[in-house]
Amino acid sequence: MDVGMLNYCKESQKTLSNCRIELNAQPEYNYYTSLVRNLKTAIVPTFTLESGQQLHRVPVAYSAWGTLNEEADNVLLICHALTGSSDVEDWWKPLIGRGKAVDTSRFFVICFNSLGSPYGSASPLTTNPVTGTLYGPTFPETTFRDDVRIQKIVLDAMGVRQIASVIGGSMGGMIALEWPLCTPPGYVKTVIPISTSAYQTAWGISWNTSQIRCIQADAQFRGGYYIPHPQSQPVQGLGAARMIGMLTYRSYTSFEARFGRRKAGQKRPPQTFSRPMTSMPSPPLPAAQDDIPETAASKTEAHSFGPTTIYSAQSYMQYQADKFLKRFDANCYIHLLRKMDSHDVTRERTPAMQLPFEEHPSLKSVAAVLASCTAPALVVSIDSDLLFPADQQTLLANSLPQAKLMKLDSSDGHDGFLLEMSTMEESISAFLRDHCASIFEAPALDGGVDGDKDDVVTNSVFGELEVHF
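For the record, in the sequence shown the residue sitting at position 97 is 97 according to the UniProt record's numbering, with numbers rising by one throughout.
Below, the structure is given as structure tokens:
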């Protein structure tokens, strides 16, 4: 662990000893937190971000299942993806429950909501106690190292001594990689990074920038000062951003196989576009629109080319945009995308800083940093992942001293880890049984939740499980 992170750990211990952490605090309500089941909130009185900015009365939202054992070492920490929440039962339902990979009768399972997300932790939607108003676009930038430090403060307050495993996919995998690097050696026993990378690539940064530009181009964005509610945020821009994101999460093969040139509604007659890009209405612009010249001479002329056929693929993209608009906030989305862009495990950890003209962290610097992570690791790679290509996971597996690379054969692209449930369940379960044997040898604990015996697929609010398409 580098000197900087050691100082952060000392700061965390000082925070814990000098300040009282509220573990069962009343959460600050916003529309989006009402969507999360089993939500709990801890309040950290004061927290200094990696940037140096200080937050006060910082809410840290989480969901938990199972029971902490007497040794306080059976913690299974799950890190959610970009638009996920702490409700693992929603987006990874087939994997959680008694006898499942995420065995709630043996592990104390906990998932924290990342800083900047709309689902309960400090974010643009929370109140700045200094001003008494919502942070909005003024919410300071945070990093995944900030997430690890503040979450560890909460775990320390709970009495946790060791984490049996940290599991995370995509953005969650970035956080998972930071856990053994930001904490004392041995604190994290195993780590499972899924469909992720040691640093955000230029490819990922570019996709994120495109999505941010979509949101900022919406007149309703207003610099981030909009009413934080699904119907009053920049729905046109956020909906378009989600569509762009979906293209990076899936693959050419999966879309062709699933939709092809099939029309929406299958056997029904082709439909026509009778609604704007998003189904949620936007409030009127403050400026008078009568002064803005129309491209067409009249609204009738604007649609004089006849009805437009809606293909099934278009209908699906619209469905994803509409679904997203009902559950996510634009400022939070921008914050988390920028947070992902800052991800680099080598940042300020290599003896010599990267030169400005270097294209990306060298293989040598990545290996040097990850060499300090001696915890056994299961690195999961998806062969059709366009956002985090397989060579990124190969780099992780080659750099982590005790890593095993599991290649998942899926046509679903990056989102394969949220869709290929049976393969994920089998691989994670086998790894945990091998490396956390003492937990499985001990008697099962009370407090587990029953898994879905039939593994019936139902619509997920925060994940990709769905039955409509």
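Where a beta carbon is used, it is the ideal one built from N, C-alpha and C, also for glycine.
First and last residue of the alpha helix (DSSP H) that includes residue i?
{"i": "T423", "result": "421-435"}
{"i": "C332", "result": "330-341"}
{"i": "T48", "result": "No alpha helix (DSSP H) contains T48, which is instead part of the beta strand (DSSP E) from 40-48."}
{"i": "W92", "result": "Premise fails: W92 is in no alpha helix (DSSP H) and is neither H nor E."}
{"i": "G237", "result": "235-249"}
{"i": "Q392", "result": "390-399"}
{"i": "L370", "result": "363-370"}
By Cβ distance below 8 Å, which residues in the same chain neighbour residue i in space, the five residues on each side in sequence not counted?
{"i": "D383", "result": "A390, K407, L408, D409, S410"}
{"i": "Y31", "result": "P228, H229, P230"}
{"i": "T33", "result": "P27, L39, A61, P118, Y119, G120"}
{"i": "M317", "result": "M243, M246"}
{"i": "R20", "result": "P45"}
{"i": "V3", "result": "For V3, the predicted structure reports a pLDDT of 42, less than 50, and the residue's modelled location is therefore unreliable. The matter cannot be settled from this model."}
{"i": "V154", "result": "I21, L23, A42, V44, V60, Y62, F112"}
Leaving aside the five residues before and after residue i along the sequence, list all residues of the same chain whose C-beta is less than 6 Å from its C-beta, in chain order.
{"i": "A176", "result": "C79, V166, G168, V191, P193"}
{"i": "R262", "result": "S312"}
{"i": "Q392", "result": "S197"}
{"i": "S429", "result": "A101"}
{"i": "G172", "result": "C79, H80, A81"}
{"i": "L95", "result": "A101, V102, E425"}
{"i": "K40", "result": "Y62"}
{"i": "D412", "result": "S254, L419"}
{"i": "S365", "result": "T346, T350"}
{"i": "Q53", "result": "P140"}
{"i": "R161", "result": "A72, D73"}
{"i": "L370", "result": "S399, L400"}
{"i": "W179", "result": "V148, V166, V188"}
{"i": "D434", "result": "none"}
{"i": "M174", "result": "F144, T196, H343"}
Under the assumption that residue i contacts residue j (Cβ atoms under 8 Å), give the Cβ distance between them as a whole number of angstroms.
{"i": "S63", "j": "V88", "result": "7 Å"}
{"i": "D73", "j": "A164", "result": "6 Å"}
{"i": "C332", "j": "G116", "result": "6 Å"}
{"i": "T126", "j": "P228", "result": "No, T126 and P228 are not in contact; Cβ-Cβ is about 10 Å, not under 8 Å."}
{"i": "A375", "j": "V188", "result": "5 Å"}
{"i": "G66", "j": "F108", "result": "5 Å"}
{"i": "H414", "j": "L387", "result": "4 Å"}
{"i": "I330", "j": "Q211", "result": "Before going further, note that residue 330 is Ala rather than Ile in the sequence given. Wrong, their Cβ atoms sit about 10 Å apart, outside the cutoff."}
{"i": "N69", "j": "S86", "result": "With a Cβ gap of about 21 Å, N69 and S86 do not count as contacting."}
{"i": "V148", "j": "I110", "result": "With a Cβ gap of about 14 Å, V148 and I110 do not count as contacting."}
{"i": "R106", "j": "I439", "result": "5 Å"}
{"i": "A321", "j": "G186", "result": "Going by Cβ atoms, the distance from A321 to G186 rounds to 45 Å, so no, they are not a contact pair."}
{"i": "A403", "j": "A437", "result": "Going by Cβ atoms, the distance from A403 to A437 rounds to 19 Å, so no, they are not a contact pair."}
{"i": "F47", "j": "I150", "result": "6 Å"}
Kindly indicate the opening and closing residues of the beta strand (DSSP E) around residue i.
{"i": "Y62", "result": "54-65"}
{"i": "L408", "result": "403-408"}
{"i": "S34", "result": "From DSSP, S34 is part of no beta strand (DSSP E); its letter is neither H nor E."}
{"i": "S254", "result": "No beta strand (DSSP E) contains S254, which is instead part of the alpha helix (DSSP H) from 252-258."}
{"i": "I382", "result": "377-382"}
{"i": "K323", "result": "K323 -> not in any beta strand (DSSP E); alpha helix (DSSP H) instead, spanning 312-325."}
{"i": "L76", "result": "75-79"}
{"i": "I110", "result": "108-112"}
Please go through the same chain and pick out, in chain order, the residues whose beta-carbon is closer than 7 Å to the beta-carbon of residue i, but skip the five residues on each side of it.
{"i": "V461", "result": "L35, D90, R327"}
{"i": "N208", "result": "L337, M340, D341"}
{"i": "A217", "result": "G237"}
{"i": "F255", "result": "A313"}
{"i": "L49", "result": "L55, P140, T142, D146"}
{"i": "L405", "result": "V379, S381, Q393, T394, A397"}
{"i": "I334", "result": "I212, I215"}
{"i": "G136", "result": "P124, G224, Y225, N331"}
{"i": "D446", "result": "T67"}
{"i": "residue 522", "result": "With the chain represented from 1 up to 469, any question about residue 522 goes unanswered, as that position is not in the structure."}
{"i": "T248", "result": "W207, L386, L387, H414"}
Using a beta-carbon distance below 9 Å, is residue i in contact with chain D?
{"i": "V160", "result": "The structure shown has no chain D; it contains just one protein chain."}
Q.
Which complete alpha helix (DSSP H) runs does the region 158-232 hold, if anything under 4 residues is left out?
A. 171-182, 202-217
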